[in-house]
Each structure stands twice: as structure tokens, then as C-alpha cells.
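These notes are about the structure you will find just below.
In the working numbering, the protein residues as written are 1357 to 1453.
Below, the structure written as C-alpha cells:
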């Protein structure tokens, strides 16, 4: 008799626990956070690539400027700075989107 009561109590407790857990909505907060972090990581990588490309372009442009003898060294240096600054601005725009 006591074992039958215990079995009923265990079964009733399990049924109650399963019923409560079944009523909870699924939680996806961690997945959304992971996606946002991944998006930011991709944006940072794209911005870094943009800045590096700007550095390479600026280096090449300065070399061409120096070899052409059209401008002074200061003007070539300023052109390089302007090119790098433009690539930084583009990289900032990539990160903001």
C-alpha cells in the first residue's frame, strides 16, 4: 500500500514538473548575442582590410609621386596622408553600418 502511494506521488511530481517546463517559451538570447558579436567581428575585419589597402595604395602613390618629380617631397607626403585618411574614414563607415 505504501509503495503504491509513493509511486503515485513520484508520477504526480514528474507530471507537474514536465507540465511546468513545457509551458516555458524557448530562449534564444545567447544565439542573438553571438550573431551580433560575429557581425561586429566581421565589420572590424572588413574595416581593418580597408585601412591596410589604403596604406598600400598610399605607399604606392607616394613612390610614384617621388619618381615622377612633379611635386616636392612635402606634397608627396601630404598626398600619402590624405590617401590614408580617406581609407580611415571609409573604415569608420564600415564599422558604423
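Note that beta-carbon positions come from the ideal geometry of N, C-alpha and C, so glycine has one too. Please read these numbers as outputs of a predicted model, since none were measured by experiment.
Secondary structure at residue 1427: coil, using DSSP grouped into helix, strand and coil. Under the 10 Å beta carbon count, residue 1390 is surrounded by fewer than 16 other beta carbons and is classified as exposed. The residues 1421 and 1435, in chain order, have a CB closer than 8 Å to that of residue 1427 in the same chain once the five nearest residues on each side in sequence are set aside. Excluding its 5 nearest sequence neighbours in each direction, residue 1402 has C-beta neighbours in its own chain below 7 Å: 1450, listed in chain order. Around the beta carbon of residue 1430, a 10 Å sphere encloses fewer than 16 other beta carbons of the protein chains shown; the residue is thus reported as exposed.
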